[in-house]
Amino acid sequence: MNCIQSLQSALSWSGYLRRRLQVRPELQAQILTDAEHPLTPDTIAEWSQQLAVAVGAPATDAWNVEHCGAILRKLRSRVFDTLMVRDAGGEATLEEVTGTMSCMADFAVRQAYRTVMNDMVEVHGVPIDPATGKPMEMIILGMGKLGGCELNVSSDIDLIMLYPDEGETSGRRPLSHHEFFGRLTRRMMPILSDQDADGQVFRTDLRLRPDGDAGPLAWSLDALENYLIAQGREWERYAWLKARIIKARAFADSAPEPYEQQLESLRLPFIYRKYFDFDTLASLRQLRERIRQDWQRRALSKNGVDTIHNIKLGEGGIREIEFVVQLSQLIKGGRLPTIQEQCLIKALHAEVRAGLIAQDIGEQLEAAYRFLRRVEHFLQYREDEQTHLLPNDDERMALLATVLGFTAQELTHQLSTHRKFVANTFRDAFRIAGLNDDQSNGNQPQAADCEETQDRDLEEIIRQQFAEHDPNDVEHRLEALLDSSRIRSLSNSSRARLEKLLPAVIEAASRTPLPNTACARLFDLIETIAQRSAYIALLAEFPDTLSRVARIMAASPWAASYLTANPILLDSLIEWNSLMEPVNIVQTAAHLEKELDACVLHDGTPDVEQQMNVMRDVQRQVSFQLLAQDLEGELTVEKLADQLSALADALLQESLRRVWPLVRPKQIQADDPLYAMPKFAVIAYGKLGGKELGYASDLDLVLLFDDPGDYALEVYAKLGRRLSTWLSSMTSSGRLYETDLRLRPDGDAGLLAVSVDTFEKYQREHAWVWEHQALTRARFSAGDPDIGKTFERIRRDILLIEREPEKLRQEVVEMRARIRAGHPNKTELFDVKHDHGGMVDIEFITQYCVLAYAHQHTQLLENLGNIALLNIAGEVGILNAEHARKAADSYRVLRRMQHAVRLKGDEKARIDPSLLTEERAAVCTLWVEVFGENT
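In the working numbering, the protein residues as written are 1 to 935.
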């Protein structure tokens, strides 16, 4: 559609535009010219200069108050007219329309601010920052759709006006900052809101400020902080999601950036909670119902029109889409920085990428949003008024459909389809956000049951539920819980809430296979979380989750202690289906990278503390997901170890990526693609090297570098120290991994990171046999893949060395004896790992076979694990094939037993010696065959 056709289409619909051209027909040529190209910020700046000259003002922005208002009103009208014509012709995207209107609003606010500031400074002097002595700027926040840069074409704008600190202006008639910035705000409003023949710039609303109309027009940052901490309400968190600083400067030498950063440090924790407070669910549900009731109330005032015709507040309208997206932000944004977006569409895309909203639901929500926003704009183009009401007569509905490119029937069908989907999605908002809404998920009977039990006497419940077990034991434990210092220190309301939950806890424990055990461990958990009302509210809010917690407590003492130590994982149990999905480490790593990239301070530098916490949270969440699947019997021990090892590899790689910029030498440019990552590699030994990692395993690491730079030794040693600190430091989210670097050349006496040349020389000339044994299951884990290839070449060369079998046999046996002496077992139980016939025997047999025969049978060089290597040794004739197979099978059983015992909470895997006798015998038989002894 050409510009003339677009203008005709706009004129057929908009009475505002028809009247405007009737009064000023010369505008038609201008509109046709303006509508030929997309509108940009440069367009707005250029037009403002033209209009300034036209009204006799300077082309620069040094305007007086009268000029400023006149120029801005004319400018806004020109922008509005042009967008309408481009939109009517289908030339303007939603992003162009909303982005241009937001840019226009930003420009208007900046100009009004500068104009009034310049005027007031002449009388009262400059507001001075008492900390720096520099001029102090106001901090202006755009809220709502302005904050999200998604303003509609006839919107009002929501602003919050702040100033950094108290003080006084410097002029002959000084004012306190409180009074000065309050007056400045009051004088800005007429410039933006007053009307003349060109209309108004923007209706301006300041009621989102603290205390609304009852509060001062401008607030200091300290006053804002006190308000948010002491009085900030749930709906205000929702409102502040979109808060955005409008960059307005009146003084060339001011320095507002530190205060803008201070504001962000207040805003983000207020909105995004790391530990989602499930107490807020009730508030969010009330907010959802307020959204519904809001349009219903308006409907009554409009004689029923709104209930059907309001595409913003009505059922299935724009507000409901906003709630669905922003609910996920409020719940998950504290742990997922990537969804901390002010623009709704960007936030929706981020939530889909993060898996919080299903792809198909996200696509349909976006389609509905785009469609409804375009309809909304044309409703407002008609008379340049902020309306969201569809026409209530057939003729105007047909005109609207035509300008939108539909027939009336098609438009009605599209509206109905989109709004029905939005209404259903809004109704399911808590389920989509990963929270089972008690109004829609079928959990009400359970919740009702819980309410019923809460009124019954606890002793009666215990006697009834534990009649077949030991009710006295439970009563004693309950008494101890209620008498504990943590419970006694609770406020009356918190204690009442806890006591209301206890009947449900007791009943959940009674339904497990080990009721008394589950109850004891649940009480331990309750004592730990008692002073964190969020977790008590979570268990009370979600009966299904409480049941899952009880099952985990009964199933494994190790899992129980892990959950008690990391209660942040409780909310993972809400999303049980997701928890049972197979873990995809590649996707996890890609998602983690994006989350870490989003962890930045307000000056753009990485927020290291937040990054470290995010990594720890991810490690615990994935480990807990694997643990839940493990307890449900969904994973073999081998598959579990593979996944935990792959997770550690990914976290090591990401840790290197984050630590390297912190130590990169000045000689290397930050944007040098050759040094985007260091010439450095992490080599995994031990359990990680053999991909046999457990839930709480340490990481045995050796750090190598290959860089000819003079700085290399110092820089890569520093990198090794920082990497170790990054992994092992205790933060508010815990520790990522314990690390052990003693397997490096010369152990504790050696350099923390060594060059590949030094490593190779050491392995050839100085390494002990046990170090070559360790090398049999070492592998490249993270860092520079070229160094990884070099390491693998060195490893193969060392393992291919021909050794004298008898001497090697003697050294391996002596080392095995030292290992056994270091792990004495004075009990009558069998130590699955260290006793003769256990796992270490098999590992030593395998390592001996590799060192003694790899030069003849290169199949043994691959780091395939003990089971595969034993079978290879049997196939090539090094070992008796049947004996090797039985020992390999025994190793699998012993690992499974060790894992089961560890899940029971025992530090050492020691079992009844009458168990696994065949497996022990198979190992001992192979040991005698290889080493000729039985001790």
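Yeah, the Cβ is synthetic: ideal placement off N, Cα and C, and Gly gets one too.
Going along the chain, which residues of its own chain have a beta-carbon closer than 8 Å to the beta-carbon of residue i, five neighbours each way excluded?
i: Pro-567; result: Leu-525, Thr-528, Ile-529, Arg-532, Tyr-535
i: Gly-317; result: Trp-295, Asn-310, Ile-311, Leu-372, His-388, Arg-419, Val-422
i: Ala-922; result: His-883, Lys-886, Ala-887, Asp-889, Ser-890
i: Gly-125; result: Thr-169, Ser-170, Gly-171, Arg-172, Arg-173, Pro-174
i: Arg-910; result: Asn-825, Thr-827, Leu-829, Phe-830, Asp-831, Val-832, Val-901
i: Ile-339; result: Ser-328, Gln-329, Lys-332, Gly-333, Ala-347, Ala-350, Glu-351, Ala-354, Leu-356
i: Asn-613; result: Lys-274, Thr-731, Ser-732, Ser-733
i: Thr-453; result: Low confidence applies here, because Thr-453 scores a pLDDT of 44, under 50, leaving its location unreliable; read the following figure in that light. The answer, listed in chain order, is Ile-461, Pro-503, Ala-504, Glu-507.
i: Glu-692; result: Ala-641, Ser-645, Gly-865, Arg-895
i: Ile-872; result: His-857, Gln-859, Leu-860, Leu-864
Starting from residue i, trace the alpha helix (DSSP H) both ways and give me its first and last residue.
i: Val-702; result: Careful: Val-702 lies outside any alpha helix (DSSP H), inside the beta strand (DSSP E) at 699 to 705.
i: Phe-80; result: 65 to 88
i: Arg-965; result: Outside the displayed range of the chain (1 to 935) lies residue 965, so it cannot be described from this structure.
i: Ser-781; result: Note, Ser-781: premise wrong, no alpha helix (DSSP H); beta strand (DSSP E) at 779 to 783.
i: Val-947; result: Summary: the structure shown does not reach residue 947, with the chain confined to residues 1 through 935, and so no result is reported for it.
i: Gly-500; result: Residue identity check: residue 500 is Lys in the sequence provided, not Gly. 492 to 510 is the span of the alpha helix (DSSP H), which, as asked, contains Lys-500.
i: Ile-345; result: 344 to 353
i: Val-586; result: 585 to 597
i: Pro-513; result: Pro-513 -> no alpha helix (DSSP H), and no H or E assigned at all.
i: Thr-402; result: 394 to 404
i: Phe-270; result: 257 to 271
i: Ser-485; result: 485 to 488
i: Asp-34; result: 27 to 34
What is the DSSP secondary structure of residue i, reduced to helix, strand or coil?
i: Thr-827; result: coil
i: Thr-844; result: According to the sequence provided, residue 844 is Phe. The question's Thr does not apply to it. Helix at Phe-844.
i: Met-1; result: coil
i: Pro-606; result: strand
i: Ser-416; result: helix
i: Ala-57; result: coil
i: Val-832; result: coil
i: Trp-219; result: strand
i: Gly-15; result: helix
i: Thr-40; result: coil
i: Ile-245; result: strand
i: Asn-938; result: Residue 938 is absent from the structure shown; the chain starts at 1 and stops at 935.
i: Ile-911; result: strand
i: Thr-387; result: coil
i: Asp-630; result: helix
i: Phe-251; result: coil
i: Glu-797; result: In the sequence under discussion, the amino acid at residue 797 is Asp, which differs from the Glu named in the question. If DSSP states are grouped into helix, strand and coil, Asp-797 belongs with the helices.
i: Gly-212; result: helix
i: Thr-917; result: helix
i: Thr-204; result: strand
i: Asp-470; result: coil
i: Asp-571; result: helix
i: Asp-947; result: It is not possible to answer for residue 947, since the shown part of the chain is limited to 1 through 935.
i: Asp-196; result: strand
i: Val-876; result: coil
Looking only at its chain, what residues have a beta carbon closer than 7 Å to the beta carbon of residue i, apart from the 5 residues adjacent to it on each side?
i: Cys-943; result: With the chain covering only 1 through 935, there is no way to say anything about residue 943.
i: Val-637; result: Arg-895, Arg-896, His-899
i: Trp-47; result: Leu-75, Arg-78
Considering only heavy atoms of the ligand ADP, does any lie closer than 7 Å to the CB of residue i?
i: Ala-29; result: You won't find the ligand ADP in this model; it holds no ligand whatsoever.
Taking the continuous beta strand (DSSP E) assigned at residue i, which residues delimit it?
i: Val-754; result: 753 to 755
Below 8 Å on the Cβ atoms is my guess for residue i versus residue j; work out the distance and round it to an integer in Å.
i: Glu-383; j: Gly-734; result: Actually they do not touch by this definition, with Cβ atoms about 59 Å apart.
i: Glu-410; j: Ala-398; result: Not confirmed; about 11 Å, so no contact.
i: Met-677; j: Leu-651; result: So it is not a contact: roughly 15 Å between Cβ atoms.
Beta-carbon within less than 6 Å of residue i's beta-carbon, same chain only, minus the 5 sequence neighbours each way: which residues are those?
i: Leu-699; result: Leu-688, Tyr-737, Thr-739
i: Leu-635; result: Gln-629
i: Val-116; result: Leu-184, Arg-187, Met-188
i: Val-813; result: Phe-931
i: Ile-157; result: Ala-105, Leu-146, Phe-202, Thr-204
i: Val-53; result: Ala-59
**Message:** I'd like the ranges of any alpha helix (DSSP H) spanning at least 4 consecutive residues and lying wholly in the region 100 to 186.
**Reply:** Counting only runs of 4 or more, we get 144 to 147.
**Item:** Segments of 4+ residues assigned as alpha helix (DSSP H) that fall wholly inside the region 660 to 742
**Value:** Runs of the alpha helix (DSSP H) inside the region 660 to 742: 686 to 689, 712 to 728.
**Continuous alpha helix (DSSP H) assignments of at least 4 residues falling wholly in the region 535 to 569** = Taking only runs of at least 4 residues, the alpha helix (DSSP H) segments lying wholly in the region 535 to 569 are 543 to 555, 557 to 565.
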